[in-house]
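Residue numbers (our numbering), protein chains in the order written: chain A, 222 to 415; chain B, 222 to 415. From the three backbone atoms N, C-alpha and C, an ideal C-beta is built for every residue, glycine too. Computed from a predicted model, the values in this text were never measured in an experiment. Worksheet for the structure shown next.
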């Protein structure tokens, strides 16, 4: 694109009318990321369930651009843990990301490299600003409904999935008697430098 | 803010539940920007009409941050010309801006320093990407309804209003028998370098 462009986000599904890539993440892409490994293994043996999808408009990877798109986390649980995204830091750590929730009910689980954490609730109309340096993961706690967010981040940010894959997030969102609870992750590994 | 934060955008007015600044632009801030100076003078003699408002969440002016907020252009005309924002380039020219229209009906009028132009229509659900280097102005063509957009841009972008104040946009949006028409601006001054 060498001229400004626009596209549409329409209810009920909010799939962009234009995008460059469509990523689908299934259970097999999340090996080792859910707390209840037995529940994960049982589900995985039955089906490689689709957990979330990302439609992205890619822009050049420079600071003046904004990459953007739509994230759709489908409803579900693995054991007591709600469906969620892998979560990531940005490769260029001191870059932010902004989210606008369009549909559903969820939480953004975040943490800084120093081990600070924050969890913000998402419902239609919520704008969430993930500060530079904070890792972030979307969690869908809605009953039977997709969690849909529009996102934008600086073009040069990049993604670091490996740190979270290795250490996990400090906080998990689990079902407790039918309601979401934010609990400590017993397997969380604090960064050596923090 | 040293931790991630969220705020709400609620219908019908979409005023953010949290913001840092609230700018109000009235007719007097737009002296010389409308085509019909006589119509402007007549309106100005009666009242300094409120044309548009911007609620902004300011972030540090560095490339990893995203400043963001809500723009509300009220309905109206000055002569045949629809209510609009001043329009601007970014001070750091090669920075983009993203808009998500939440309410109303309008156009984004854009142009590059080389004199290329583009006009994109805005209605609820439209996402518009203003390429780096392109000036942009929101125009409300809706009958009696605000044009509301959510916007985000790189923290280091800054604003250059002076270039547009001096040269104008190449294209104007005028009412022609009750419908918007995109027409050449007879007073447009092409940049010397282009």
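Per DSSP, which residues does residue 232 of chain B bridge with? Please list them.
-> Per DSSP, residue 232 of chain B has no beta bridge partner at all.
Interface positions of the region 386-407 of chain B facing chain A (Cβ-Cβ less than 9 Å), listed along the chain = Identification of residues in the region 386-407 of chain B having a C-beta nearer than 9 Å to some C-beta of chain A yields an empty set.
Beta-bridge partners of residue 397 of chain A, as assigned by DSSP | DSSP, once it has assigned bridges, lists A:400 as partnering residue 397 of chain A.
In the structure shown, what three-state DSSP assignment does residue 383 of chain A receive?
-> The answer is helix: DSSP assigns residue 383 of chain A an H, G or I state.
Would you kindly check if the distance between the Cβ of residue 328 of chain B and the Cβ of residue 401 of chain B is under 9 Å?
-> Yes, these two residues count as a Cβ contact at 9 Å.
Using CA coordinates, which residue listed in A:299, A:231, A:277 and A:413 is at the minimum distance from residue 249 of chain A?
-> If we check each option's Cα against that of residue 249 of chain A, A:299 comes out closest.
Closer than 6 Å by C-beta to residue 229 of chain A: which residues in its own chain qualify, once you throw out the five before and the five after it? Chain order, please.
-> Take residue 229 of chain A, set aside five residues on each side of it, and the residues of its chain with a beta-carbon closer than 6 Å to its own are 238, in chain order.
Whole-angstrom distance between residue 363 of chain B and residue 381 of chain A, CA atom to CA atom = Looking at the two C-alpha atoms, the distance is approximately 44 Å.
Residues in its own chain within less than 6 Å of residue 278 of chain A by CB, not counting five upstream and five downstream?
-> Within the same chain, Cβ atoms closer than 6 Å to the Cβ of residue 278 of chain A are found at 240, 241, 289 and 290, the five residues on either side in sequence being excluded.
Can you give me the Cβ contacts of residue 470 of chain A inside the same chain, cut-off strictly under 7 Å, excluding the 5 residues immediately before and after it?
-> Only positions 222 to 415 of chain A appear in the structure, and residue 470 of chain A is not among them; the question remains open.
Under 7 Å by beta carbon: chain B residues contacting residue 475 of chain A | This structure does not reach residue 475 of chain A, given that chain A is present from 222 up to 415, and the question cannot be answered.
Near the ligand SAM: residue 390 of chain A beta-carbon under 8 Å from a heavy atom = In the structure on display, the ligand SAM does not appear, and there are no ligands present to speak of.
Can you list, in chain order, the stretches of the beta strand (DSSP E) that have 3 or more residues and sit fully within the region 255-286 of chain B?
-> Uninterrupted beta strand (DSSP E) stretches at least 3 residues long and entirely within the region 255-286 of chain B occur at 271-278, given in chain order.
Please name the residue, chosen from A:310, A:306, A:292 and A:297, that lies closest to residue 322 of chain A on a Cα-to-Cα basis.
-> It is A:292.
If we call anything under 9 Å between Cβ atoms a contact, is residue 357 of chain B one with residue 308 of chain B?
-> Yes, the pair counts as a contact, with Cβ atoms nearer than the cut-off.
When the Cα of residue 261 of chain A is compared with those of A:232, A:231, A:297 and A:399, which residue comes out closest?
-> Residue A:297 is the option with its Cα nearest to residue 261 of chain A.
Drop a sphere of 10 angstroms on the beta-carbon of residue 254 of chain B, count the other beta-carbons inside from all chains shown, and report buried for 16 or more, exposed for fewer.
-> It counts as buried.
Answer yes or no: does any C-beta atom of chain B fall closer than 9 Å to that of residue 353 of chain A?
-> Using a Cβ-Cβ cut-off of 9 Å, residue 353 of chain A counts as an interface residue toward chain B, since at least one Cβ of chain B sits closer than that to its own.
In three-state DSSP terms, what is residue 408 of chain B?
-> Coil, per DSSP.
What are the boundary residues of the beta strand (DSSP E) that includes residue 343 of chain A?
-> That run of the beta strand (DSSP E) goes 338-343.
Spatial neighbours of residue 415 of chain B within its chain, please: CB distance less than 7 Å, with the 5 preceding and 5 following residues excluded, ordered by chain position.
-> With a pLDDT of 48 at residue 415 of chain B, under the threshold of 50, the modelled position of this residue cannot be trusted; read the value that follows with caution. Taken in chain order, the residues that qualify are 334, 335 and 336.
Could you pull out every residue in the same chain whose Cβ sits closer than 8 Å to the Cβ of residue 312 of chain A, ignoring the five residues on either side in sequence?
-> Around residue 312 of chain A, the same chain offers 378, 379, 380 and 381 as residues with beta carbons nearer than 8 Å, after the five sequence neighbours per side are excluded.
Look at the alpha carbon of residue 403 of chain B and the alpha carbon of residue 341 of chain B, and state the distance between them as a whole number of angstroms.
-> Linking residue 403 of chain B to residue 341 of chain B through their CA atoms gives a straight-line distance of about 11 Å.
Relative to chain A, which residues along the region 304-319 of chain B have a C-beta separation below 9 Å, given in chain order?
-> Listed in sequence order: 311, 313, 314, 315, 316, 317, 318 and 319.
Beta-carbon of residue 358 of chain B versus every beta-carbon of chain A: anything under 9 Å?
-> No, its Cβ sits nowhere closer than 9 Å to a Cβ of chain A.
On the premise that residue 273 of chain B lies in contact with residue 319 of chain B, defined as a C-beta separation below 8 Å, what is that separation, rounded to the nearest angstrom?
-> Between residue 319 of chain B and residue 273 of chain B, the beta carbon gap of about 19 Å keeps them out of contact (Cβ cut-off 8 Å).
Among residues of its own chain, excluding the 5 on either side of residue 234 of chain A, which ones have a beta-carbon nearer than 6 Å to its beta-carbon?
-> So the list is empty, once near-sequence residues are dropped.
Own chain, CB closer than 6 Å to residue 246 of chain A, minus 5 neighbours either side, in chain order = Short of 6 Å from the beta carbon of residue 246 of chain A, and not among the five residues preceding or following it, lie these beta carbons of its own chain, in chain order: 272 and 273.
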